[in-house]
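Each remark here refers to the structure printed beneath this line.
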Amino acid sequence: MIHSLFLINCSGDIFLEKHWKSVVSQSVCDYFFEAQEKAADVENVPPVISTPHHYLISIYRDKLFFVSVIQTEVPPLFVIEFLHRVADTFQDYFGECSEAAIKDNVVIVYELLEEMLDNGFPLATESNILKELIKPPTILRSVVNSITGSSNVGDTLPTGQLSNIPWRRAGVKYTNNEAYFDVVEEIDAIIDKSGSTVFAEIQGVIDACIKLSGMPDLSLSFMNPRLLDDVSFHPCIRFKRWESERVLSFIPPDGNFRLISYRVSSQNLVAIPVYVKHSISFKENSSCGRFDITIGPKQNMGKTIEGITVTVHMPKVVLNMNLTTTQGSYTFDPVTKVLTWDVGKITPQKLPSLKGLVNLQSGAPKPEENPSLNIQFKIQQLAISGLKVNRLDMYGEKYKPFKGVKYVTKAGKFQVRT
Amino acid sequence: MTDSKYFTTTKKGEIFELKAELNSDKKEKKKEAVKKVIASMTVGKDVSALFPDVVNCMQTDNLELKKLVYLYLMNYAKSQPDMAIMAVNTFVKDCEDPNPLIRALAVRTMGCIRVDKITEYLCEPLRKCLKDEDPYVRKTAAVCVAKLHDINAQLVEDQGFLDTLKDLISDSNPMVVANAVAALSEIAESHPSSNLLDLNPQSINKLLTALNECTEWGQIFILDCLANYTPKDDREAQSICERVTPRLSHANSAVVLSAVKVLMKFMEMLSKDLDYYGTLLKKLAPPLVTLLSAEPELQYVALRNINLIVQKRPEILKHEMKVFFVKYNDPIYVKLEKLDIMIRLASQANIAQVLAELKEYATEVDVDFVRKAVRAIGRCAIKVEQSAERCVSTLLDLIQTKVNYVVQEAIVVIKDIFRKYPNKYESVIATLCENLDSLDEPEARAAMIWIVGEYAERIDNADELLESFLEGFHDESTQVQLQLLTGIVKLFLKKPTETQELVQQVLSLATQDSDNPDLRDRGYIYWRLLSTDPVAAKEVVLAEKPLISEETDLIEPTLLDELICYIGTLASVYHKPPSAFVEGGRGVVHKSLPPRTASSESAESPETAPAGAPPGEQPDVIPAQGDLLGDLLNLDLGPPVSGPPLTTSSVQMGAVDLLGGGLDSLIGGTNFVAPPTAAVPASLGAPIGSGLSDLFDLTSGVGTLSGSYVAPKAVWLPAMKAKGLEISGTFTRQVGSISMDLQLTNKALQVMTDFAIQFNRNSFGLAPAAPLQVHAPLSPNQTVEISLPLSTVGSVMKMEPLNNLQVAVKNNIDVFYFSTLYPLHILFVEDGKMDRQMFLATWKDIPNENEAQFQIRDCPLNAEAVSSKLQSSNIFTVAKRNVEGQDMLYQCLKLTNGIWVLAELRIQPGNPSCTLSLKCRAPEVSQHVYQAYETILKN
């Protein structure tokens, strides 16, 4: 089970340590630093490192490393999932998961860590249970606390802790009862040089924001539930109902949570909303090259594509780029060799393009590889898979809630090879 | 108003100031002071000096303050054991508190104070809390038992906490059940022998019920525990699978993977004809693919596990190739794993896509990744024959790029392709030779030298090329030196006239100027070969090489089966069984997949080995593993394979002449003396392959022994099941001692050492009387004969069949299991003769229903011959009668465990069959005694 946790920032300082069993010396992190040095890039540090006496399992989140120390055989996924849960909790409590936020709230952090894990076993990881045990800091509360001397540690047993629905607390009350759902789909795709799709799939999630009084029992149905054949559910969803009727039936947690995540992989369902025309070439024995890309909409189902950004990791020999753009603005960082073109919206009448010269280091051999283009975009009011919510019914409570569904499609890992 | 203020220090000694504040009367000030102490603790500062002051703050109604003090206590109690006692009273009091939160907090904290003295005080409160009315307290107490066990295992056992913990598995609250399972699993891990988690259908049912209702973490513990259970038949397996499958849709990836483990394991028991089997296969793919869209760290662990799963059951993901395509912003550790799986899934159907991707990857930036991609192209060529041509042309394209590491990597894999498809792609050699100068890595240089040596007859300037390498011979790595030596000898054997000088040079470099024993030995061997028998040299050095196998890095099946049982654990990430890396040498129990049950036995072959390895395909190729190239390089001394010789006989005749002349001049003309024998390493016979053993050592083979009949050696453990170790053997009995004559053959490409043998308990208590003595390491293609003395004083367990013996053999590679049947006559003792009276009395004494009658056919021996033949195997004739022209022999024998067997053998002259009646108090041996009679009489 999880023995200890070290939080390490990007410059390699250990700024927090927590031990659930005996104390393990900080020096164990030296093995981690060694691996970090070898990996060159922070993102390439291997998540499981073995040392003579321990295993280090780490995640990299928000420019911080969460390094856990393991002494016995334990499922690494369990550890990684737990570490992400810790980071999520910090995010939830402090609005951001950063070194500053953690240092500012170090005592709460410590109390949280103690509450989340007991002897390496997870104890309470549900946000609403934790919040009953340890109240999140707010400016108002800290003022009140310092005047009245009351504390931000709850002294009663959280209600959800042992019930069959640990994710919901009892006695929730709202004056405005609302239930909102966001259907967010991200397209992961690899497009090859000629513009044909090598690989494409949709990673979808339905995030919910539920503010309903009492113990509502919700059923969410879809126009086309057949789309969803590979789904991961929040524990609140009744699996049997889904198996038999394809209806999401659940008593929701209070507040924000991810209801389901799903994957649509069959290629004909994944429409690619943009295309890129590109010509990037480097001349042999000369210190310059040409760069020319144009981006346009494909099938966008009557919706505008917006928030387009193109990021390109140029080869190491590129010194600088002299480009002109018809729309938006571009930057090139000569140190990291990253070209970023912030395009904005596409208007089909005039397609945005970016072209110009690339300056190469003189004397260096011409780059073997052409860079991949990484594209970000967003389409509002559209779930690209065609998923549509049919209706939301509520049982168990008398009032009439406000209901709403929002759709949005984004680019996930969307890359175009050139 | 943030906590960062707690980090600020004043000039006037921090500790001093904190001490004052901790002893302040004001509650608020106290709390702030404790917070400061905790803040220092979080960054690893030593604040243990404040121990008494902090503990003094413990008696408080303020829960936050209490929790903070507890946090401090847990960290420092160990360093201040005497002071920690001060806290005990408060704990005991808190365990009686009406608020369950406080009770739980107290018991939880007490368990974390790792001080021996405190544990005694902990027992009573813990006992109460384990039976607390509030499930929250019970579940906390369950974990506390595990904590206490870690500190003082004996105490936990003496106090009976383990039994209480077992009872909690039947608790009404699922969270309590989950924690009890987790605690028991943790305790069981440190005590593998203790049968703590005694799983039976009832407890399994309870676990499955709790599974649906407990938290995600609890689900992981329960699923991992379920995976250790072996259902009694396929029906039970199926019903558990049905109840576990909903977990595949859980949002927590650890739950998903643990569920996959249970399903993969229990699936083994289901018949493949079952509809449900197919359904289950289909259900497994989507969750595995979903894991790949998670965070990169999760992806990495998932990919390592998928790597195992596609080796075990490739059908699950065969249509999902595309999800393993690499994205350029994947972390490198994910990229490398994806690549590995892509090759495993490559087949004729998808090879075009895969190759296109691989070519794309080969132009990426990351050097490690590019190298692996190039290597992957080679592996595709070897795996999918239809694609070989395309792969080779892709590799040639890549060589044209002249990117140094790409070229080198390509040459290494092309060499493998040559090995797999001889005489097909040699036209590319010219292109390869162009790049000779750019090679600077030993592996690539060695590969290139191998190619030049192997195809010397097709390369006009092969001698020049090799000579160019020879200049810097001593600066090369051993790999290259060895290869160069072999390459030049090959060249010499192919083109003897022009290359004498070269071969002389390399032989002297290797034998005289080198201090590397491997190189020197190989040099001497070549030298002696060339000087004694050039024809043999040709047969040895230019022997046809066995083909290399398709999958060069498949995990060996028994290990794979074991690893499947460890899906989701660290073992699955490292692809090693836990015994290989878990610290402290705790006796880790080997897990194995359950065998298919009899009711579902379909076309599957019945397995006798306990590890239930799936039947492999008959390999006509060598099972290469590990670093393929290293293996290839060591293979040059391969055995002379049966089959057509490489050259036609007429050419050979000519060659002999040439060689003779060449050698004469080589040895005579240039004042070369054949190396003195003393210089030849004494252990010449041992470290070299059997090809050479045949040449040098003709004394192998055990002479036939007098005494009991000895069956010819049979293969007990085929090489393909044991990573290249082949074991054949037989049993002998000679003057009262039994032995097992073993013949171990190393058919793998690596040296085997550290042999050991062990028997499972068996019907007659057979056990090795001495350790397995293999004196020298067993090098590839070498065979040793060993006679292992056996005793009959081992532990006894009745086997089915009676004479079944299960054997485990270990070497440096792994542990292998096989079972064999021993002939019963090795157990017939020398003093097994009865006198007549005794015989008569015993015969009458044994009830008639114990009598068994057998026919021995085709045994045209007369009574005399039979009697003497049997006597040599310790079956004694007590009396002989002639009744109505039939010879009646009355015989007796005694087994090592003292069982007497009496026999009446009726022989009719002229009739080749005889009738055997056996009487014995243990009638189950009769059948085997009869078999022993048959074997003895017919041989």
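Chains as they are written, first to last, in this note's numbering: chain A, 179 to 596; chain B, 119 to 1057. Glycine residues also receive a C-beta, built at the ideal position from the N, C-alpha and C atoms. Keep in mind the model is a prediction, meaning the values are calculated, not measured.
Neighbouring residues, chain A, relative to residue i (Cβ below 9 Å)
i: B:H893; result: Going along chain A, no residue has its Cβ under 9 Å from B:H893, so there is no contact; the nearest lies around 33 Å.
i: B:V274; result: The contacting residues do not exist; B:V274 stays about 14 Å from chain A at best.
i: B:T258; result: D296 and L301
Under 7 Å by beta carbon: chain A residues contacting residue i
i: B:I287; result: Simply none; closest approach about 16 Å.
i: B:L189; result: Y288 and E292
i: B:N425; result: The premise fails here: B:N425 is roughly 14 Å from chain A at the closest Cβ pair, so nothing lies under 7 Å.
i: B:V261; result: D296, N297 and F299
i: B:K903; result: For the record, residue 903 of chain B in the displayed sequence is Glu; it is not Lys. None at all; the shortest Cβ gap to chain A is about 41 Å.
Residue i - DSSP class collapsed to helix/strand/coil
i: A:Y209; result: helix
i: B:M192; result: helix
i: A:L497; result: strand
i: B:M176; result: coil
i: B:F882; result: coil
i: B:M915; result: coil
i: A:Y233; result: strand
i: A:E565; result: What sits at residue 565 of chain A in the sequence shown is Leu, not Glu. DSSP places A:L565 in coil when its eight states are reduced to three.
i: B:D285; result: helix
i: B:N864; result: strand
i: B:R1039; result: coil
i: B:V798; result: Since pLDDT at B:V798 reaches only 39, below the 50 mark, its modelled position is unreliable, and no value is offered.
For residue i, the nearest candidate out of the options (CA to CA)
i: A:Y209; options: A:S246, A:R239, A:F193 and A:K241; result: A:S246
i: B:V658; options: B:P664, B:I666, B:L647 and B:L665; result: B:L647
i: B:K383; options: B:Y347, B:A412, B:S197 and B:Q417; result: B:Y347
i: B:L514; options: B:V525, B:G686 and B:S505; result: B:V525
i: A:H181; options: B:L183, B:L317 and B:D268; result: B:D268
i: B:I461; options: B:R489, B:R431, B:V502 and B:V483; result: B:V502
i: B:N1015; options: B:I944, B:G1003, B:C498 and B:E1002; result: B:I944
i: B:E360; options: B:C343, B:N370, B:N323 and B:I338; result: B:N323
i: B:Q417; options: A:Y271, A:D432 and A:F256; result: A:F256
i: B:L611; options: B:D679, B:W645, B:W834 and B:M159; result: B:W645
i: B:V996; options: B:V295, B:P1027, B:S986 and B:L942; result: B:S986
i: B:R353; options: B:K1056, B:S371, B:L240 and B:S389; result: B:S389
i: B:V472; options: B:R489, B:C509 and B:F487; result: B:C509
Neighbour list for residue i in chain B, Cβ cutoff strictly below 7 Å
i: A:K591; result: K445 and N447
i: A:T250; result: E307
i: A:V454; result: None at all; the shortest Cβ gap to chain B is about 15 Å.
i: A:E274; result: The contacting residues do not exist; A:E274 stays about 13 Å from chain B at best.
Contacts that residue i makes with chain B (C-beta to C-beta distance below 8 Å)
i: A:I237; result: E413 and E415
i: A:E212; result: Correct list: empty, because the minimum Cβ distance to chain B is about 15 Å.
Beta bridge counterpart(s) of residue i as assigned by DSSP
i: A:E484; result: A:K556
i: A:W519; result: A:V488 and A:Y508
i: B:V902; result: B:L862
i: A:V536; result: A:G467 and A:M499
i: B:F877; result: B:V925
i: B:W961; result: The partner list for B:W961 (beta bridge, DSSP) is empty, contrary to what the question assumes.
Contacts that residue i makes with chain B (C-beta to C-beta distance below 9 Å)
i: A:H197; result: M192 and N193
i: A:H181; result: Going along chain B, no residue has its Cβ under 9 Å from A:H181, so there is no contact; the nearest lies around 11 Å.
i: A:Q204; result: G162
i: A:V521; result: Per Cβ cutoff of 9 Å: no residues; A:V521 is ~19 Å from chain B at best.
Rounded distance between the beta-carbons of residue j and residue i, thought under 8 Å
i: B:S857; j: B:N992; result: No, B:S857 and B:N992 are not in contact; Cβ-Cβ is about 15 Å, not under 8 Å.
i: B:L314; j: B:I305; result: 6 Å
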